[in-house]
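Residue numbers (this note's numbering): 14 to 207.
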């Protein structure tokens, strides 16, 4: 019956925390009621905590902890387990078909472009700075993607088969028809399916 809320905490802000301090921060600062982790979950400075310790500390702090079996474990036709580390490695190699097989869906890259970062080139390409990505972009190369564009002021546009050039610095260029129409004083949210 609860509506989940999501908070972004930069890794640099928590990387130094011991497992006990990390769970205390979840309970006291973020007021987390519950977490779901895979059975191989590690946390805290130098990954000293594991899923079992999280369960123990969670109980002490009033946090519900659910430990799930790893995706792919024991599933016929799947080779190996699915983990975020494996997905990140495959993304870095540009192996999106394998990522899709493991996830059971296409990989989706999200970006929020504030108005001050909106840039449309003279040739009609939309430039997306790497700082605007919410999750990891795949390897630098050209991709044919399906794109949904949402204005934070309202409105949605869908484009299929858009060419997206990911640069080595993770900046992206999107070739869109009528890109100059996208200039928005409110900013944009991009949903890119590979």
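Backbone N, C-alpha and C define an ideal beta-carbon position, used for all residues, glycine too.
Report the rounded CA-to-CA distance for residue i versus residue j, giving the unit in angstroms.
| i | j | result |
| --- | --- | --- |
| residue 150 | residue 103 | 11 Å |
| residue 45 | residue 73 | 13 Å |
| residue 147 | residue 207 | 15 Å |
| residue 188 | residue 157 | 10 Å |
| residue 117 | residue 83 | 14 Å |
| residue 205 | residue 162 | 9 Å |
| residue 27 | residue 136 | 42 Å |
| residue 203 | residue 75 | 37 Å |
| residue 176 | residue 38 | 42 Å |
Which residues bound the beta strand (DSSP E) around residue i?
| i | result |
| --- | --- |
| residue 169 | 169-179 |
| residue 25 | Run containing residue 25: none in the beta strand (DSSP E); it sits in the alpha helix (DSSP H), 24-27. |
| residue 203 | 201-206 |
Per DSSP, what kind of secondary structure is residue i in: helix, strand or coil?
| i | result |
| --- | --- |
| residue 46 | coil |
| residue 52 | coil |
| residue 187 | strand |
| residue 57 | coil |
Does the segment 126-145 come within contact of the segment 96-108, defined as at least 3 CB pairs closer than 8 Å? no
What residue ranges within the segment 59-88 form continuous beta strand (DSSP E) runs of no fewer than 3 residues, ordered along the chain? 77-81
Curious, which full-length alpha helix (DSSP H) runs of at least 4 residues does the segment 92-117 contain? 97-105, 109-116
Restricting to runs no shorter than 4 residues, where is the alpha helix (DSSP H) found entirely within the segment 123-160? none
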